[in-house]
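Asks: Okay, here's the structure, questions in a sec.
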Amino acid sequence: MKLVKKYIVLYKDFSPSPFGRYRTDSDVSGEVFREDCLIPSLNKYDKITINLDKLDGIGPSFWDEAFAGLIIHKNYTLDEINKKIQFECSDDKFLIKYIKSFMEKASNLVKK
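In the UniProt record's numbering, the protein residues as written are 1 to 112.
Here it is in structure tokens:
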């Protein structure tokens, strides 16, 4: 039986300054977040809320690998992700759209 909800505060529960795409880039890369934090949470919980506040200057490779990587490497669909993951961010009103743009591009790539 899955637990209902998980709340992840990225800067506190993972890193205040995540960077890099691959595990070989850093121990706080997008791949590390996806594989060690996000996937276990997706397997255990029905819904995940990810708070993105207090993060500044995170490069696109982190966001792309962490979230679009679910589609490219783990065969999640965009619809599955949108149903299970919710984002919160009061610091940067464009960040959520930015992250979702990576997932939409990945979804379009795997459909071709």
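Positions of the beta carbon are idealized from the N, C-alpha and C atoms, including for glycine.
Starting from the C-beta of Ser90, find all residues in its chain whose C-beta is less than 7 Å away, skip the five residues before and the five after it, and write them out in chain order.
Replies: Closer than 7 Å at the Cβ level, and outside the excluded window around Ser90, lie Asp53.
Asks: Would you tell me roughly how many angstroms separate the C-alpha atoms of Lys83 and Leu38, rounded to the nearest one?
Replies: Rounded to the nearest angstrom, the two C-alpha atoms are 14 Å apart.
Asks: Find the nearest neighbour of Tyr11 within the set Tyr45, Leu109, Asn51, Gln86, judged by alpha-carbon distance.
Replies: Cα-wise, what sits closest to Tyr11 is Asn51.
Asks: Name the DSSP beta bridge partners of Thr24, please?
Replies: Answer by DSSP bridge pairing: none, since Thr24 is not bridged.
Asks: What are the uninterrupted segments assigned as alpha helix (DSSP H) that are 4 or more residues long and contained completely in the UniProt domain "DUF4325" (29-88), given in chain order?
Replies: The qualifying runs are 39-44, 60-63, 69-72, 78-84.
Asks: Going by DSSP in three states, Lys93 sits in which element: helix, strand or coil?
Replies: Three-state DSSP puts Lys93 in coil, outside helix and strand.
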